[in-house]
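This report concerns only the one structure given below.
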Amino acid sequence: MRVLMFGWEFPPHISGGLGTACYGMTRALAKKGAQIIFVLPRVGEGEPNDFLKIRSASGTPITADMSERMSHAGQDVWQENIRWRSVDSPLFPYMTPESYEESLRWVHKAHTAGHEEIRHWSGIPFTYSLKGGYGPDLMSEVSRYSQLAGAIAAEEDFDVIHAHDWMTYPAGMLAKALTGKPLVVHIHATEYDRCGENVNDIVAGIERAGLLAADKVVAVSRLTRKVVIERYGVPPEKVTVVYNAVARHEVERRYEIPPRIRHEKRVLFLGRVTFQKGPEYFMEAARLVLEKIPNARFFMAGSGDMLPRLIRRAGQLRIGNRFHFAGFLRGEEVDRMFALSDLYVMPSVSEPFGITPLEAMLYDVPVLLSRQSGVSEVLEHALKADFWDTRDMADKICAVLRYPRLAEALVRNCREEMKSIRWENAADELMLVYRNVTGGN
Amino acid sequence: MPSLCLCYAVHEPYRLRRYTVFDMGQNSAYEDDDHNCDALLHAARACYLPMNDVLMRIIRRHGKAFKLAFSISGTALDQFEQYAPEVLDSFKALADTGCVEFLAETAPHSLAFLYSREEFALQVKQHCARIKQVFGVKPTTFRHTELVYNNDLAAALQALGFKAVLAEGTDHVLGWRSPNWLYQPVSAPGMGLLLRNCQLSADIGRRFSDQSWNQWPLTAEKYASWVHSLADEAEVINIFNDCHSFGLRNPASSGIFEFMEALPDAILAHKDFSFATPAEVVKKRTPVGEIDMPQFMSWDDEGADLTAWLGNDMQKDAIHSLYALTERVRKLDAPDLHRDFERLQTSEHFHYISTKWFANFVPDRPNPFQSPYDAYIAYMNVLADFEMRVGAAEAAAAPKKATRTAGRKAAAPATDTAKAKTTGRTASKSKAVAKPAKAESPAADTSRPASRRGSKAKTETVRGR
């Protein structure tokens, strides 16, 4: 099975769970015998991968003939479905109104400073150079990526197209129109997860077009499947659920808990400090817990637009000496943080899947999940609470901190459960999807 | 002349509500009254009332030729009195016919036998007295919670004056032998041991409405023919089931009531067969052999062992914490604490904490908690509050016994009184938040060991005198 995969992130250049998921998934798929060509906007310096071929869209030459074909195909698929003008948009996949305005100013400044022409005319074939990541002109990047990816699709040989999240859906649609190969779109998060009700119509439009154009839609949880069906009107029989997993890496070193804090219990929140992740519910639960267990400690690791507000709130509640902000952690710091924690809490308001609880479990840390997360569908042996029910959340935090048998049982049973949450299983299901859409070759 | 011995277990637990850490020390209403009431009324309408109607009709038709036995738990009696007295009346009416034997068990449907023999004996005596008071007959046959049984139980029951005991007839007890005879426990010669015929019991209890079962639909005639086929190799065929089999586990639409109504005729069609109660069986027959059962067994479907109630560390922690309080509670003269202590012993509380892979909750007895962890959290929170109340009661009782103040105040109740005080104070946002808060946290973290130590120290002083 040869797969042309379009993705926006891949380790080591990642900014969220998407890259991690793509890595684990492709690795396991490769083991199952899939030959994968992974098209990234731009390939930076990084370790070479032996299990797949990574291609950079940036710099791929587009011939005049190809350009002609693409504009023809493009008119069918994408300009009819989506009203989208090629303007510089400060759009960022994880964004709130406040940060949007700030970026907008940034874009205006860039305009007045004289806009650089990115399209290089060098004789007949031309190309674009892409920056990758989630810059302020993401929408233009997405559009250019789709054209470059289309050119790659025309020269590569493959059986199925697999596109991850909306940034690559235009590319997937174009490749399908050009080559006639079946398209599988993978939905890791929808616009409704990222923004609640304040959705960006352009992004939601691209998502809808991609989901409807696909031969098969893969959702990361039943929760996401429901959103896809209800919000985007995708026929239910077209949507299957393939759960994410976690790559089992041996915990490299054990971290000693410093003696001075050994008698205390620590509770961790780790994630973007944004509305979607529910950090304020965590703080409210912490306030309630501290009424009962005054020597508990709470850590909030991560950054985001809600951070200043939460820091003020901690002061207002007078719990600053027990509620600590660890900032954005990377690499070893994350490992250390997990290892120090007695409980990991994920109070997300909306979480299509959520890989971090699985990572916490690698460190034998019990987890408390919001019921509004996809991962709670696969974890039987985790504590669960509704994100808005901070009393319930606090009750469960207290129970874990007070009743050692509870934490032990959670860890032991989770460890058992983790054995079945493997990318290998996800890869088996994806291979089945591929075989279905290609007619079983 | 083989006898068919029918015995139905009637039990309804008091389910706990989602009692949180914020309820601790604030209120001591542990039970989910709405849920308990709804569940009982449903059971009364779907199961007990129609079942007792059917039985009454059968008895009117057959008179003393039809016999059966009920074991009704104390919590079920409490709930009937509380929510549906008409159910109790229907049982009393059956009792008046003289065709029904009422068995003894532990009043709160507990596993006290495993942790405190005194508590066990107390509960059995209480329940016997209550059965005598309600139904007019003193029980002589014992049916333990979940049919838990071992040699020690038989010996203890003999000491309490029982003539017969029921147990599960699993293969690992019987080996090559058949459950369809009367046995005696190796530890209690002279006592009768009736072993459940698992196959024939489950045909009614579990498989009756299973449409994928190759014998479905089961008719009274077919069932009677299976029973009759044992004519030459059986003396007593013990059919023990949960009363919920009628109308709840097998809905009325499955024809279970019609089946039951037709069954006596079908069984008695063979002139050698009769119905008998356990007490009659023991009186008429002599045991054919001894059963040696050193380890505990139960009627749990899967392993016939205790793992459904005591399989994981959370279950063990919960039950050990509970029984660690036994001596302290029983020493107090506080009926409300005694009642709560008994109800906290009901075996279901521990079953809800089971994490067995195929934790088998039958649809008519579901786990009210969303997960075993939630069940454990609620239970431990309740127990923490209960322990605070015990501590407070001890502190209140202490000054009365002025003579024994010196040693006790210093050693034991110090932590308890401190805790009781903090509990009271957390409610009001007092200015001295820092002080009681500090005092509470170590007390809360180490509450169990501390209080255990406390109780031990106390008992020693008492015994020393």
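Heads up: the protein sequence lines correspond to chains A and B, in order. Counting from 1 along the first sequence, just add 658 to a position and that's the residue number in this note's numbering. Counting from 1 along the second sequence, just add 176 to a position and that's the residue number in this note's numbering. Every residue gets a Cβ at the ideal spot worked out from N, C-alpha and C, and that includes glycine.
- Positions of the alpha helix (DSSP H) runs, each at least 4 residues long and wholly inside the segment 913–970 of chain A, are given as 937–950 in order along the chain.
- The continuous beta strand (DSSP E) containing Ile-845 of chain A extends over residues 841–845.
- Not one beta carbon of chain B lies nearer than 8 Å to the beta carbon of Ala-688 of chain A.
- Proximity of chain A to Asn-543 of chain B at the Cβ level (cut-off 7 Å) is not reached, the minimal Cβ distance being about 13 Å.
- Proximity to Ala-551 of chain B across B:Ser-292, B:Leu-180, B:Arg-193, B:Met-177 peaks at B:Arg-193, based on C-alpha coordinates.
- For Lys-1054 of chain A, the nearest CB of chain B lies under 8 Å from its own CB, placing it at the interface with that chain.
- At a cut-off of 8 Å between C-beta atoms, Val-341 of chain B does not count as an interface residue with respect to chain A.
- Neighbours of Glu-667 of chain A in chain B, taken as residues at a C-beta separation under 8 Å, are lacking, since the least C-beta distance is about 34 Å.
- Using a Cβ-Cβ cut-off of 8 Å, Arg-1049 of chain A is close to Thr-196, Phe-198 of chain B, given in chain order.
- For Ala-571 of chain B, the enclosing alpha helix (DSSP H) starts and ends at 548–573.
- Listed in chain order, the positions of the segment 488–500 of chain B with a beta carbon within less than 7 Å of a beta carbon of chain A are Asn-488, Asp-489, Met-490, Asp-493.
- Where Leu-1016 of chain A is concerned, there is no enclosing beta strand (DSSP E), although the alpha helix (DSSP H) around it starts and stops at 1014–1020.
- Apart from the 5 residues on each side of it in sequence, Thr-273 of chain B sits with its Cβ closer than 6 Å to the Cβ of Ile-235 in its chain, given in chain order.
- Annotation: Met-473 of chain B has no Cβ neighbours in chain A at a cutoff of 7 Å; minimum Cβ distance is about 25 Å.
- Under a 10 Å Cβ-count criterion, Ser-405 of chain B is classified as exposed, with fewer than 16 other Cβ atoms of the shown protein chains found around its own Cβ.
- In the structure shown, Ala-877 of chain A falls within a strand segment according to DSSP collapsed to helix, strand and coil.
- Sixteen is the threshold: since fewer than 16 other Cβ atoms of the shown chains lie within 10 Å of the Cβ of Val-464 of chain B, the residue is exposed.
- DSSP, reduced to helix, strand and coil, places Glu-397 of chain B within a helical segment of the structure shown.
- Here Met-490 of chain B is buried, its C-beta having at least 16 other C-beta atoms within 10 Å.
- Buried is the label assigned to Ile-467 of chain B, since at least 16 other Cβ atoms lie within 10 Å of its Cβ.
- Tyr-1002 of chain A is outside the set of residues whose beta carbon lies under 8 Å from a beta carbon in chain B.
- The bridge partners DSSP lists for Glu-344 of chain B are B:Arg-372.
- Counting of Cβ neighbours within 10 angstroms places Trp-352 of chain B among the exposed residues, the total staying below 16.
- Annotation for Tyr-1092 of chain A: no beta strand (DSSP E) segment contains it, though the alpha helix (DSSP H) segment containing it runs 1081–1095.
- Under a criterion of Cβ atoms nearer than 9 Å, the residues of chain A adjacent to Met-556 of chain B are, in order, Ala-1057, Arg-1060, Tyr-1061, Arg-1063, Leu-1064.
- Of A:Leu-1026, A:Met-663, A:Ile-695, A:Pro-937, the smallest CA-CA separation from Lys-1054 of chain A is found for A:Leu-1026.
- Setting aside the 5 residues that flank it on each side, Glu-1082 of chain A is surrounded in the same chain by Ala-686, each with a C-beta closer than 6 Å to its C-beta; the list follows chain order.
- By the C-beta density criterion, Ser-1006 of chain A is buried, having at least 16 other C-beta atoms within 10 angstroms.
- Taking all protein chains shown into account, Pro-454 of chain B has 16 or more neighbouring C-beta atoms within 10 Å of its C-beta and is therefore buried.
- Relative to Lys-834 of chain A, the option among A:Leu-796, A:Met-797, A:Gly-868 whose CA is nearest is A:Gly-868.
- A Cβ of chain B is located within less than 8 Å of the beta carbon of Ala-1067 of chain A.
- Closest in alpha carbon position to Gly-1012 of chain A, among A:Leu-796, A:Val-885, A:Lys-935, is A:Lys-935.
- Taking C-alpha positions only, Pro-894 of chain A is separated from Tyr-555 of chain B by approximately 41 Å.
- Of the candidates B:Leu-559, B:Ser-204, B:Asp-214, the residue whose Cα lies closest to the Cα of Pro-544 of chain B is B:Asp-214.
- What Thr-531 of chain B touches in chain A, judged by beta-carbon distance under 8 Å, is His-1039, Ala-1067, Asn-1071, going in chain order.
- Beta-carbon to beta-carbon, Gly-250 of chain B and Arg-319 of chain B are separated by about 13 Å, too far to satisfy the 8 Å threshold.
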